[in-house]
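Participant:
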Amino acid sequence: MLRDGWKDGAGPMQPIQILQPDSDGYLATALERLLDRLLPIALECGDVHSRPRSRQRFKAVVRKVIQARQRVACLRGVVNTLLAPRIRDMDAQLEEIATSKKLRQENVKRFLENYRQPQLSREVPVGQVTEDMTTKPLLETQCRFWQVADKAAGKVPECRGEPRQSDSKQSWIARGARERRPQRWGLAERLRRPEPAVSQWDVMSSGLKHFSAAQKVQKVELGLTKSTSLPSLHSKHGGFGKVDETCETCDEAPMATTFTDSWKAKQKSGGSMSRYMTACERGNILPKPLDFIASGSASLNAANWGLADSDLIPVVTMFRSASFVQEVDLSANTLLTDKSLVPLLQKMMRNAACQGMARLKLRQCWRLGAPAVEAVIGLLSSCWGLTGLKLLDFSGVLIPVRLQLDFCEAIGEHPNLTSVKLADTGLGSNPAARSCLEALFRCNTLTALDLSWNAFKDEVFVAIGSFVAASHVHLQSLAMSNCSSANLSLSSEQVQPANLMLERLGQAQRLSYLDVSMNRLDLSGALVLEDALGRHPTLTELDVSRNSFSKLGAHSLLRLFASSRLERLHCAESFDMGTSGRFFQLCNPEGEYSLNLSLPHHRSILRMLLKLCKRLRLTVKQAFIDMQPLLTLPDQEEDGVFRVPSSGRVSFTFSSTRAAGPDVYEEPARLDAALQDRLELCRVQLRVDKAVLMIPIFESLQDKLPLIDALAKNFILSYAHVEMLCSLGKSMLAPTVILRLLHTTAASKLCRYMCLLLAGSKAQYIQIQKRARLSLTFTPSNPSMHYLLILSEACDFHLAESIRILDRWESNCATRCGLVDNSQSGNQSQVRNELYEGRKPCFRSLGDWELPLQGRLEFDFAGGPRPRPGTEPAPAGSFNKLFEVVLHSGCKPKQQLQALRAVSPYIYVSSSQLRALLGSVCVPQDTKDKKDAAETAKEVRLQLFHIFYYRLTDIWNVKVCKARFSSEEYTSLTTRLGPVKFLPFVQPEQALLELDFAIHDHKLAVSIFVMLCQKEGALFQEPRFIREDGTEDKLVTGVPRAWARYSDCPKAGFFRAKYAVAPEKRSVKTRTEFLATYGRWRAPALAKEDICWWSQLSDVSLDVIRFLEVICEKYPDLKEAFRDIDGEGGNGGISILEFEEYCERVVDSRFSKNRRDRFRAIFRFLDATMEGNISMEEWGLLDTVKCELDRQTHDLHAFLLHRFKGGLEQAWDAWATSRITQEQWKRQLDEAGYFGASAELFSIMDQPNAGSISYDQFRRFFSGRSTRDGCAKS
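According to this note's numbering, the sequence shown is numbered sequentially starting from 11.
Below you can see the structure in the form of structure tokens.
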């Protein structure tokens, strides 16, 4: 016995289905319990030696479980290994910040102790500016502070002693109102510490150190909180708040912030500090505790200090005597103007201390004008300027148009600049922006450039791409955020500006950081990014945030991230908006293309197809079909990039499976592995390191579904990846993750079922299994069935992709072998009756159609491997056990279908076994809506026949199984499988043909029957041809012989006839040849004795059946009846006169009316060749009808015994009537789910043609007939 799809000593190619128990240890569903019982029987049917190998299979399953768990442990270890350094770095950074903060506090403390005189006069209330100052008050502006400590924020300490008299509240308000301008002190809160007031170094004078705790403390309310030290600018009482007159004394002294005496700088000998303090004293300016001032740091770091011109002018004096200046950072000081900054820049000229300055940051000093810009230009271009400058940050400063070119030329000629930030400087508004950028990129040392927030035109984008890709440019970081000018009128045929630049960035081989956020990039931009940066050697970080890529853009970006060297991908708010046009599916690129090569994303699509050809080892000629116009496309890459034309249009059909794939008919065992290999080549393997780096991306997205869908349609994952994503998301997201990513673990079905274990509850598990059932039970070695796919479901979409690949492989195999095209549309496709959203889609073949991402796709697949000659069906004992399990399972018909579909690749059946298996599908007794359940059972039987049709080992006897179907069901099967594939090649007798010449395989079926008719000398009974215009041709002269040639058949019209041939004229050899040529079955050489000749009751009239009953009641053998009618000394044939003479002697109430006409109709049925004589072979046709009647009787008897436990009496009692009509009989059997010819059997029971039967007739029918299993040959 041959075994298709089996490895030596390893069991079947497809892994055994692993079923999941619930928390109680039972299988979760009735379907699983049924499948658990069927699977061992199916394996036993497939291999009689499977039991000794069961232990080996068990060990293999255990090994796979261990391997999957090891991968999970490995992934967790890698996550911990990669995240641990980040945690350590974070701790070290926090420690460094704390150390630097402490050092800064000490420096500022020392600065204030050295340059603040002691307080000697009487105590001044908090925040008060006294009137008896001898010189100009130090503070001309109001000081704004925040709460400094918990004690000052309403937590008043326990007070002792008597209250002390204080100044009146009115004096506070009056003096506070005299303060004119607010003065900012941004570090006030950061520099204060929760210490006792006596140790407050920043505000405590030496005169207050001996303050008595018994004295009264003035408490000031700051808005909603209370403070003992600081004034409130938000209080309704002015700048000092409201005095609490009832506050008790405390043990701590208040913290003073102003001074009663005139403030004077402490004299120190020379130095920059002395100059600074002198300038502050002369200008009545409050000193700033900057590190550059307080601790003598080499860096003037005043970012975000809110400095004004008056604050910066004293600092300028320090540059005269400064020994070395490393950095000047005045970022975000929006009050600074040319008044203070120009002198500062001038001090840097010809200053030896500044020539080695590395960083100059003037970001967001937007009040600067042309003088400051000219000063910077001078510093950059002069040899006495900032020749050692490494970083220039001029972002947010508007550069006048007349100075932009000079500014860029100065940067381009600078010898040491490595980082330049010119964001939002107005470069895009310059008509000569291209010249400015060209001068800018002349800087050979430039490694980082920020041009964000400059709206560039299209030609400038092209120029930037060319400049960045130039050989002398060594950029490592490029920021182009929000540089695309708004143009809402762009159509799909117009170029997106940013795409022109992105296309050339792949040639910038040193780029490591790229920011193209907020550039109005759409789905086309994502394709260009994937194509240009997919193989970039150094790019590690990419920012594409806030672009309208839409959800489909996530597919390209995630493929780019996984296949490149990227370590960080910033894509916040990129997949929430945007409209998607045609979606290019790299994992399933089959289809027709029409590309405009002047568009960057169309060129990217062409290059990606060329890369795919290289990966699949296909030539351009093999993959690109029907190209118009014919282009010469490169097979090999040049410098890592395919050179494609940049203009013109081209249309073609791309097929990656036409010249590849296994031989479906000769190598069915390779289909599963080959399909998996094909998916691995077209999809991306998610590496462990990339999975870890994807965690921040997953967590940063608010809507995680676009990322999950991108993984589902483009990646191959493992159980470890699915578990990681389930653990990262919320518990309610886990079912979605499992359902959408379940098929991505197709390399191991064990992994898929382990993923099902991640479901949080039994309800979730059942829901996932229900929605993914088709994908879970799909087997490439037997794909023939009816499909209804919801393309928005990732599992169904993946199944549609797999079917397309299998269909293309079988089409290629048929073309290579020169097989006749028996498809529906004449395209060698095995897919039939395609419907998308209930309509016939406009495509030539499903394999050439670009699958939409949503919608309802329905079709029939009638193809796949056929059994090899000599394949044996399932052993009788094993099949009987399988039949009993299905029959007594108590499952619904759909559950029986799913279970049998799952085990179908493991077993082969004979026609008689398939007939019995179809009869096991019935409606459960506890079903409420029995009418709908009966329709469901009918549909399930049709699908089961469709599934097991190519598992038949005796296709020449398939009429045994077909005979149980009604005429309506037979027509439905012909539509699903096709008239050629379902054509009864070996037993076409009495076959009713209803064919449409407009359909390819219908037209081919007519040609086959005409050829067979000419070979056998047969007849077409009652032929009719209805032309395309509706006129009818009764074909009086017979069917045209020219129809035997396909090319000579009409192009349209409808043909109807019945094929009839005498048994002695049957050509079994011709029929077997047609079976192999047109049906693609590999049948052995057959003789007439090897075939179980059969008839369908639907092709036989009721009068023939009644006549057969009369003959069988009188004669034990039909041959004896023939000899009796022929008479003694007969000629071995029955003439019409002899037949009528015999029928006149028949006395039966069933032939009481129109006896003569009805007997003549019986004679014409037996006289197939219309010769006026019935031979012994033609009389044997009654024997085939008798076999079917016996089998139908046996099937009905077995059904009633199973349905109504106990016997026929219980069945009759269930119907609860004394007599039952034919309508009631049919309705009762249909609702019970009976599969068979109920009307014909009723006519036999109703011998007097009364229209109803009694219980006696019902019982007599079964007791008086043999209930043997058909004829011996069945």
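We put the beta carbon where it would ideally sit given N, CA and C, even for glycine. All figures in this text were calculated on a predicted structure; none of them were measured in a lab.
Out of curiosity, what's the CA-to-CA distance linking L292 and P324?
Facilitator: In the sequence as presented, Leu is not what sits at residue 292; that position holds Arg. So the two alpha carbons sit approximately 10 Å from each other.
Participant: Comparing alpha-carbon positions, which option in F958, Q935, P934 and K1075 lies nearest V996?
Facilitator: Comparing Cα positions, the closest option is K1075.
Participant: Please classify S333 as buried or exposed, where buried requires at least 16 other C-beta atoms within 10 Å of its C-beta.
Facilitator: Exposed is the call here.
Participant: Please classify S60 as buried or exposed, where buried requires at least 16 other C-beta atoms within 10 Å of its C-beta.
Facilitator: Note that S60 scores a pLDDT of 42, beneath 50, so its modelled location is shaky and nothing firm can be said.
Participant: Quick one: give me the first and last residue of the beta strand (DSSP E) that G563 is part of.
Facilitator: G563 -> not in any beta strand (DSSP E); alpha helix (DSSP H) instead, spanning S560 to S573.
Participant: Please give the ranges of any alpha helix (DSSP H) in the segment 412-462, keeping only runs that are unbroken, at least 4 residues long and fully inside the region.
Facilitator: With a minimum length of 4 residues, the continuous alpha helix (DSSP H) runs that stay inside the segment 412-462 are 443-450.
Participant: Give the DSSP-derived three-state secondary structure of S1105 in the structure shown.
Facilitator: Note: S1105 maps to coil in three-state DSSP.
Participant: Could you work out which residue in F451, T457, E1151 and V702 is closest to F571 when comparing CA atoms only?
Facilitator: When each option's Cα is compared against that of F571, the closest is V702.
Participant: Identify whether R625 lies in helix, strand or coil by the three-state DSSP scheme.
Facilitator: Here R625 sits in helix by DSSP.
Participant: Measure from the alpha carbon of C1023 to the alpha carbon of each residue in H1012, F1084 and S976, then state which is nearest.
Facilitator: With distances taken between Cα atoms, C1023 lies closest to F1084.
Participant: Would S833 and L856 qualify as a contact pair, given that the criterion is a beta-carbon distance under 8 Å?
Facilitator: Against a cut-off of 8 Å, the Cβ pair of L856 and S833 comes out as no contact.
Participant: Would you call the CB atoms of P998 and Y1069 closer than 8 Å?
Facilitator: Yes. Within cutoff.
Participant: Label C290 either buried or exposed according to how many other C-beta atoms from any shown protein chain fall within 10 Å of its C-beta, with 16 as the threshold for buried.
Facilitator: The residue is buried, with at least 16 neighbouring Cβ atoms inside 10 Å.
Participant: Which value, in whole angstroms, describes the spacing of the CA atoms of K349 and S320?
Facilitator: Rounded to whole angstroms, K349 to S320 spans 9 Å at the Cα level.
Participant: Residues bridged to D936 by DSSP?
Facilitator: For D936, which the question treats as bridged, DSSP gives no partner whatsoever.
Participant: What are the start and end residues of each continuous beta strand (DSSP E) run of 3 or more residues lying completely inside the segment 1084-1147, in chain order?
Facilitator: Runs found: 1143-1145.
Participant: Nearest-angstrom Cα distance between E1188 and T787?
Facilitator: Approximately 47 Å, taken between the alpha carbons.
Participant: For A1208, collect the residues of the same chain with a Cβ closer than 6 Å to its Cβ; drop the 5 residues on either side in sequence, then sort them by chain order.
Facilitator: The answer is none, since no qualifying residue turns up.
Participant: Quick one: grab the DSSP three-state call for E551.
Facilitator: It is a strand residue.
Participant: Over the uninterrupted alpha helix (DSSP H) stretch that includes G887, give me the two end residues.
Facilitator: A886 to L897 is the extent of the alpha helix (DSSP H) around G887.
Participant: Could you spell out the range, first to last residue, of the beta strand (DSSP E) harbouring R369?
Facilitator: R369 to K371 is the extent of the beta strand (DSSP E) around R369.
Participant: Could you check the C-alpha separation between V386 and S476 for me, to the nearest Å?
Facilitator: Spanning the two alpha carbons is a distance of roughly 28 Å.
Participant: Using the Cβ count rule (16 or more neighbours within 10 Å means buried), how would you classify I107?
Facilitator: Looking at its Cβ environment, which holds fewer than 16 other Cβ atoms inside 10 Å, I107 is exposed.
Participant: Going straight from the alpha carbon of E761 to that of L727, what length do you get?
Facilitator: Looking at the sequence itself, residue 761 is Cys, so the reference to Glu does not match. So the two alpha carbons sit approximately 10 Å from each other.
Participant: So A489 and L461 are supposed to be a Cβ contact under 8 Å. How far apart are they, rounded?
Facilitator: Correct: roughly 7 Å between the Cβ atoms.
Participant: Going by C-alpha to C-alpha distance, which of Y959, G516 and D1134 sits closest to V478?
Facilitator: Looking at the Cα atoms, G516 is the closest of the given residues.
Participant: The beta strand (DSSP E) spanning F1064 covers which residue range?
Facilitator: Taken as a continuous stretch (DSSP letters only), the beta strand (DSSP E) holding F1064 covers F1064 to A1070.
Participant: As an exercise, report each continuous alpha helix (DSSP H) stretch of at least 4 residues that is fully enclosed by the segment 802-844, in chain order.
Facilitator: List check, alpha helix (DSSP H) in window: 804-827.
Participant: Which residue wins for smallest C-alpha separation from M367, given the options L355, L562 and T347?
Facilitator: That would be L355, whose Cα lies nearest to the Cα of M367.
Participant: For P885, collect the residues of the same chain with a Cβ closer than 7 Å to its Cβ; drop the 5 residues on either side in sequence, then sort them by chain order.
Facilitator: These residues qualify, in order along the chain: C55.
Participant: Can you tell me the Cα-Cα spacing of C597 and L689, whole angstroms?
Facilitator: C597 and L689: Cα-Cα distance of roughly 7 Å.
Participant: Taking buried to mean at least 16 other C-beta atoms within 10 Å of its own C-beta, is K723 buried or exposed?
Facilitator: It is buried - the Cβ of K723 has at least 16 other Cβ atoms within 10 Å.
Participant: Please list the segments of the beta strand (DSSP E) lying wholly inside the segment 646-716, counting only runs of 3 or more residues, in order along the chain.
Facilitator: Counting only runs of 3 or more, we get 659-664.
Participant: How many angstroms separate the CA atom of Y729 from the CA atom of W376?
Facilitator: Going from the Cα of Y729 to the Cα of W376 covers about 55 Å.
Participant: Using a Cβ-Cβ cut-off of 8 Å (strictly less than) and excluding sequence neighbours within five positions of P547, which residues of its own chain qualify?
Facilitator: If we look at P547 and ignore the five residues flanking it on each side, its Cβ neighbours are Q519 and R575.
Participant: Between the beta-carbon of I421 and the beta-carbon of L415, is there less than 8 Å?
Facilitator: No, Cβ-Cβ distance for I421 and L415 is not below 8 Å.
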